[in-house]
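What follows is a short report on a single structure.
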Amino acid sequence: MPHLATYVGLLHHSERSLAEALRTVGEGHAAEADVYHVCDTLAKMSEEHVRRLEPIVRRYGEQRHGDDVEEPERLYADGPGEIRKGPVGLLRDLQDLYVLATLVQTTWTAVGQAAQGVRDRELLELAQASETETGRQLSWLTTRLKAAAPQALIVAP
Amino acid sequence: MDRIADIWGPRTPHARGTVWPARVDRHLQEGVAEEDVERWVRSACVLCSNGCGCEIAVRDGRMVGVRGVATDVVNHGRLGPKGLYGSWDWANSPDRLTRPLVRENGRLVETDWDTAMARIAEVSRRLLDEKGPLSHGFYTTGQLFLEEYYTLAVIGKAGLGTPHMDGNTRLCTATSAAAFKESFGTDGQPGSYTDIEHCDAIFLFGHNMPETQTVLWARVLDRTRADDPPKVVCVDPRRTKVAEEAERTGGVHLAPRVGTNMALMNGLTRELFANGRVDTAWVERHTLGVDDLRATVEPYTPEETARICGVDAEDVRRAARIFGESERVLSTVLQGFYQSHQATAAAVAVHNLHLLRGMIGRPGAGVLQMNGQPTAQNTRECGADGDLPGFRNWSNPAHVRELAELWNVDEMTIPHWAPPTHAMQIFRYAEQGSIGLLWISATNPAVSMPESARVRRILGGEQCFVVVQDLFLTETARLADVVLPAAGWGEKSGCFTNVNRTVHLSEKAVEPPGEARSDLDIFLMYADAMDFRDRDGAPLIKWRTPEEAFDAWRECSRGRPCDYSGLSYDKLRGPTGIPWPCTDEHPEGVDRLYGDGVFNTDPELCETYGHDLLTGGTVTPTEYRAKGPAGRAFLKGAPYVPPHEEASEEYPLLFTTGRTVYHFHTRTKTGRSRNLNDAAPDVWVELSVPDARRLGIAEGDRVRVESPRGAMEARARVGQVMEGAVFAPFHYGHWDLDEVVPEDFSRQANELTMTIWDPVSKQPYFKTAACRVVRVADGDGPAPAPTTTASRPVDPSVPPTRGGPGASTVAEVVDGFVPSYPNDPALPSGDTGHIAEVSAPGRS
Ligand code: SF4
Numbered sequence: 001m002p003h004l005a006t007y008v009g010l011l012h013h014s015e016r017s018l019a020e021a022l023r024t025v026g027e028g029h030a031a032e033a034d035v036y037h038v039c040d041t042l043a044k045m046s047e048e049h050v051r052r053l054e055p056i057v058r059r060y061g062e063q064r065h066g067d068d069v070e071e072p073e074r075l076y077a078d079g080p081g082e083i084r085k086g087p088v089g090l091l092r093d094l095q096d097l098y099v100l101a102t103l104v105q106t107t108w109t110a111v112g113q114a115a116q117g118v119r120d121r122e123l124l125e126l127a128q129a130s131e132t133e134t135g136r137q138l139s140w141l142t143t144r145l146k147a148a149a150p151q152a153l154i155v156a157p
Numbered sequence: 001m002d003r004i005a006d007i008w009g010p011r012t013p014h015a016r017g018t019v020w021p022a023r024v025d026r027h028l029q030e031g032v033a034e035e036d037v038e039r040w041v042r043s044a045c046v047l048c049s050n051g052c053g054c055e056i057a058v059r060d061g062r063m064v065g066v067r068g069v070a071t072d073v074v075n076h077g078r079l080g081p082k083g084l085y086g087s088w089d090w091a092n093s094p095d096r097l098t099r100p101l102v103r104e105n106g107r108l109v110e111t112d113w114d115t116a117m118a119r120i121a122e123v124s125r126r127l128l129d130e131k132g133p134l135s136h137g138f139y140t141t142g143q144l145f146l147e148e149y150y151t152l153a154v155i156g157k158a159g160l161g162t163p164h165m166d167g168n169t170r171l172c173t174a175t176s177a178a179a180f181k182e183s184f185g186t187d188g189q190p191g192s193y194t195d196i197e198h199c200d201a202i203f204l205f206g207h208n209m210p211e212t213q214t215v216l217w218a219r220v221l222d223r224t225r226a227d228d229p230p231k232v233v234c235v236d237p238r239r240t241k242v243a244e245e246a247e248r249t250g251g252v253h254l255a256p257r258v259g260t261n262m263a264l265m266n267g268l269t270r271e272l273f274a275n276g277r278v279d280t281a282w283v284e285r286h287t288l289g290v291d292d293l294r295a296t297v298e299p300y301t302p303e304e305t306a307r308i309c310g311v312d313a314e315d316v317r318r319a320a321r322i323f324g325e326s327e328r329v330l331s332t333v334l335q336g337f338y339q340s341h342q343a344t345a346a347a348v349a350v351h352n353l354h355l356l357r358g359m360i361g362r363p364g365a366g367v368l369q370m371n372g373q374p375t376a377q378n379t380r381e382c383g384a385d386g387d388l389p390g391f392r393n394w395s396n397p398a399h400v401r402e403l404a405e406l407w408n409v410d411e412m413t414i415p416h417w418a419p420p421t422h423a424m425q426i427f428r429y430a431e432q433g434s435i436g437l438l439w440i441s442a443t444n445p446a447v448s449m450p451e452s453a454r455v456r457r458i459l460g461g462e463q464c465f466v467v468v469q470d471l472f473l474t475e476t477a478r479l480a481d482v483v484l485p486a487a488g489w490g491e492k493s494g495c496f497t498n499v500n501r502t503v504h505l506s507e508k509a510v511e512p513p514g515e516a517r518s519d520l521d522i523f524l525m526y527a528d529a530m531d532f533r534d535r536d537g538a539p540l541i542k543w544r545t546p547e548e549a550f551d552a553w554r555e556c557s558r559g560r561p562c563d564y565s566g567l568s569y570d571k572l573r574g575p576t577g578i579p580w581p582c583t584d585e586h587p588e589g590v591d592r593l594y595g596d597g598v599f600n601t602d603p604e605l606c607e608t609y610g611h612d613l614l615t616g617g618t619v620t621p622t623e624y625r626a627k628g629p630a631g632r633a634f635l636k637g638a639p640y641v642p643p644h645e646e647a648s649e650e651y652p653l654l655f656t657t658g659r660t661v662y663h664f665h666t667r668t669k670t671g672r673s674r675n676l677n678d679a680a681p682d683v684w685v686e687l688s689v690p691d692a693r694r695l696g697i698a699e700g701d702r703v704r705v706e707s708p709r710g711a712m713e714a715r716a717r718v719g720q721v722m723e724g725a726v727f728a729p730f731h732y733g734h735w736d737l738d739e740v741v742p743e744d745f746s747r748q749a750n751e752l753t754m755t756i757w758d759p760v761s762k763q764p765y766f767k768t769a770a771c772r773v774v775r776v777a778d779g780d781g782p783a784p785a786p787t788t789t790a791s792r793p794v795d796p797s798v799p800p801t802r803g804g805p806g807a808s809t810v811a812e813v814v815d816g817f818v819p820s821y822p823n824d825p826a827l828p829s830g831d832t833g834h835i836a837e838v839s840a841p842g843r844s
């Protein structure tokens, strides 16, 4: 199952990117107190996923036999390198986070499906729990984006 | 009788299930005898959320005293110290605002109404042209009347079309509303004060009732001092009077570490599951989400709870056992939960306990999510805060359409694309200048908001035009561009609704001073100046008098949970206030909600589709419908997560703030009552004995408290707070000082608090900040803190707090008179207008 291993790796990488991106955006927009604090809460969720994934990544890594399963770089998604400024900047940063979080979520969906197929209970449980939490991350991102959009797009200087 | 010394007055103990006896309290100005009073005018006290029925004494066109109304269901004639001493004498204060002020060359100068209003209208019109309605923000209060809130709501939502409206109720009661919506589908207090007469246990969660609602506490004492007292359980980091009563009645005092309420609630909830204390059949029929809740609380064993909260594991078990074994539990919740970490989740957890035991909607089995402000309930109902009028759901198009039809405006005018903007965000927009006009009515954010230095910068800056309408030149008004003199309580008519939904009419007793006008007249004047029109070109606001405004509101509330359609001014002139819903079907109102176990969670009825309690992410309409709530209540849980700021090496103590008995809001009124002011004339800081010893601080020493955001200085009271915590009352600004205090000498507790709010209710946290305390100088006597309350000193030599001359009052127990209240559950069922106390099917 070389491709499942690749996808587990992808998850590991993109959850880590999401956690980092959440922290960067939260700290970059710390003047928005709720963004700062909720991003911290959400980042902790992703960090926890990364932590719980680690033994599984090791397990699948060992099964990869090293030969032809190079993880293609272009699968990876990176977080926002630099924070944008102001209300419109916040809006765009939230959008970037959203895109990254949907990648994480659909990857969990895909991995969860495969985990069923290979009857990997540990991975399946983690996939289900994590997918639910990514859903919470997405729901907050949408909520905050909806609240921020009118002021940013109509009135902000 | 000196009611400064004797806060709750004489006891009238009575047995469970009997009517609370009447006792009429009265206070008149020194030198005025009862026979000198020319008129008694009906009202209710507006100095806390209890809303005690009272009458205002008038002589020579001035208010000179007050007395309780024996026939009123809320207080049975009693009044507390704030009501007795603080209701009316501020009105005669020489520093009332009597003329409008406008800022000229940096200074506020007197002007006439036309000039002041023209200036506001000009800015308003220019901003509307340039940027549209999102350039306007309104920050109101929990102290206006229903008619005024409703008028303001229509102006804001249908005239201007701005979502930026909120009340200072956001700082005190938003969590109560949010918790109701999450659990039961809409706002609305399920319980009643009459539950006190029937319960066999009372749980007070973060609620210092003896100081915040003194008459309600007198009601509790009259049960706990009778022969069959309910057990009291107290959750509070200070050893309050509630904690003492818990000890006396064989209950428990749990003092969780600041910021850990949620862990404690999870521990209590887990105990109910673990010991089979769940009414499974009822839960099955009337709730959703029990499995998730069980899983969420599973890790919180008594030992784990004890570890997180710093309480005794055995005490957690005992408290849970009291809840689990009692037949009728009344729970009350206030700022210790609302202004603390994970506020909404913790308040919802109280609902969970009641739902798991099927203890809601019947006598004695109730929940009272309290309000801090007296008319907070109306801000919420009328939509002058971040809600739509009549508990309508902004994300339900049918609800928005109803309002559009009622007001005869285009639906698109009414902002409903996202939740209405909450206060903390309004101030952020004002800081950034995207809100260019901020209109503040009857509140004092420069003192009441967290991180006060920041708020002062926002209000004083050039980026936003600030209008303030108030009774006095408050700390906030001093920073305004236009100041409008308003009429206060007793100087205007209108209704307001207390915590347990009881509506009172407060009638005008005297004329306001100088050119001051009622808040209703001020809002109408603005509507005229702006010429707001409906779809047919007629004036948008179709009323002129308070009574007409009330009638308009009745129509808006019709068919909604807060139905006022059966009420009128005439009816409210009767012997007692009346709790909503009041309709043709229930002409005397309804004492408690959800007696039938059917909740307002139907998708077409509910006020919100709910939120994730940890993040505040909203549930979509589709997701909500998929749950098929069908009138069932939601059991919602959340894990405990550590507070945003924890004690560290640099800031080793936890700072917590609160209200105390002799003060209300930012002391605008109570600070002008000589008796109340003398009882606690200055701010103080409370420390525990071990912390004080470690820091070398003695009673009365001057100390400086610092957090990462700011500092305050005050004299130290070595008192009853738990080790590791520091308490300061949050009322003290600087209006009553001779000079404005320099910033590094502030006496405002909110210099230290964080800009942070609950993700669901958006209520700022005033009780989670780390701090350090340093001794600045020797004291020259004890701290200026009262000895009669939770702030009493350890040192027995501190002289007791007493009232001065003019503090004498009368309290007459009305012997042999058993009042008959239409909603009192002690009446045999089937009596006049009495709502049937039906047990839900399947309930044991
Ligand atoms: S308990 Fe509240 S409403 Fe009643 S008299 Fe005291 S301050 Fe007024």
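Residue numbers (full-length UniProt numbering), protein chains in the order written: chain F, 1 to 157; chain H, 1 to 844.
Where a beta carbon is used, it is the ideal one built from N, C-alpha and C, also for glycine.
{"query": "Segment contact flag, the region 126 to 133 of chain H with the region 537 to 546 of chain H, C-beta cutoff 8 Å, min 3 pairs", "result": "no"}
{"query": "Chain H contact residues for F/His37, given Cβ-Cβ distances below 7 Å", "result": "His644 and Ile756"}
{"query": "Chain F contact residues for H/Gly132, given Cβ-Cβ distances below 8 Å", "result": "Ile154 and Val155"}
{"query": "N- and C-terminal bounds of the alpha helix (DSSP H) containing H/Phe184", "result": "Ala174 to Phe184"}
{"query": "Identity of the residue in H/Arg554, H/Leu146 and H/Pro299 nearest H/Ala376 by Cα", "result": "H/Leu146"}
{"query": "Per-residue burial, H/Gly803 [other beta carbons within 10 Å of its own, 16 or more giving buried]", "result": "buried"}
{"query": "Any non-hydrogen atom of the ligand SF4 closer than 7 Å to H/Gly80 Cβ", "result": "yes"}
{"query": "Residue environment, F/Thr132, which counts as buried when at least 16 other CB atoms sit within 10 Å", "result": "exposed"}
{"query": "Beta-carbon separation (whole angstroms), H/Val41 vs H/Val58, contact threshold 8 Å", "result": "6 Å"}
{"query": "Against chain H: residues of the region 128 to 140 of chain F by CB proximity under 7 Å", "result": "Arg136, Ser139 and Trp140"}
{"query": "Proximity test, Cβ basis, 8 Å: H/Val776 and chain F", "result": "no"}
{"query": "Those residues which DSSP pairs with H/Arg26 across a bridge", "result": "H/Arg67 and H/Val810"}
{"query": "Meets three-Cβ-pair contact criterion under 8 Å: the region 192 to 200 of chain H and the region 673 to 684 of chain H", "result": "no"}
{"query": "Contacting residues, own chain, Cβ-Cβ under 8 Å from H/Ser448 (five flanking each side not counted)", "result": "Asn168, Leu171, His665, Thr666, Phe730 and Asn750"}
{"query": "Contact set between the region 424 to 443 of chain H and chain F, restricted to residues whose Cβ is under 9 Å from the partner", "result": "Met424, Gln425, Arg428, Tyr429, Glu431, Gln432, Gly433, Ser434, Ile435 and Gly436"}
{"query": "Cβ separation of H/Gly577 and H/Val74, assumed to be a contact under 8 Å, to the nearest whole Å", "result": "6 Å"}
{"query": "H/Phe496 to H/Lys157 span [Cα, whole Å]", "result": "21 Å"}
{"query": "Inter-residue CB distance, H/Leu479 and H/Leu459 (contact presumed, cutoff 8 Å)", "result": "4 Å"}
{"query": "Chain F residues whose Cβ lies nearer than 8 Å to that of H/Trp417", "result": "Lys146 and Pro150"}
{"query": "For H/Ile440: DSSP bridge partner residues", "result": "H/Tyr139 and H/Val468"}
{"query": "Beta carbon proximity, F/Leu10 to chain H, threshold 8 Å", "result": "no"}
{"query": "At least 3 beta-carbon pairs within less than 8 Å: the region 580 to 595 of chain H vs the region 406 to 421 of chain H", "result": "no"}
{"query": "Of the residues H/Lys767, H/Met712 and H/Ala728, the one placed nearest H/Glu646, counting alpha carbons only", "result": "H/Lys767"}
{"query": "Whether H/Glu284 touches H/Ala320 by CB criterion (8 Å)", "result": "no"}
{"query": "Proximity test, H/Gly51 beta-carbon vs the ligand SF4 heavy atom, cut-off 7 Å", "result": "yes"}
{"query": "Check: H/Gly83 C-beta below 7 Å from any heavy atom of the ligand SF4", "result": "yes"}
{"query": "Segment contact flag, the region 481 to 493 of chain H with the region 560 to 567 of chain H, C-beta cutoff 8 Å, min 3 pairs", "result": "no"}
{"query": "Cα-Cα separation between H/Thr668 and H/Ser441, rounded to whole angstroms", "result": "13 Å"}
{"query": "Min CB distance H/Gly616 to chain F below 8 Å", "result": "yes"}
{"query": "Buried or exposed (CB count within 10 angstroms, at least 16 for buried), H/Asp89", "result": "buried"}
{"query": "Any non-hydrogen atom of the ligand SF4 within 7 Å of H/Leu221 CB", "result": "no"}
{"query": "Residue-level contact to chain F via CB, H/Ser493, 8 Å cutoff", "result": "no"}
{"query": "Buried versus exposed call for H/Met165 [16 or more other C-beta atoms within 10 Å across all chains shown]", "result": "buried"}
{"query": "Same chain only: Cβ atoms within 7 Å of H/Ile4, ignoring 5 sequence neighbours per side", "result": "Pro81, Asn675, Ala679, Thr801, Arg802, Gly803 and Ala807"}
{"query": "Short-range partners of chain F found in the region 641 to 674 of chain H, where Cβ spacing is below 9 Å", "result": "Val641 and His644"}
{"query": "Residue from H/Val689, H/Leu653 and H/His663 with nearest C-alpha to H/Val705", "result": "H/Leu653"}
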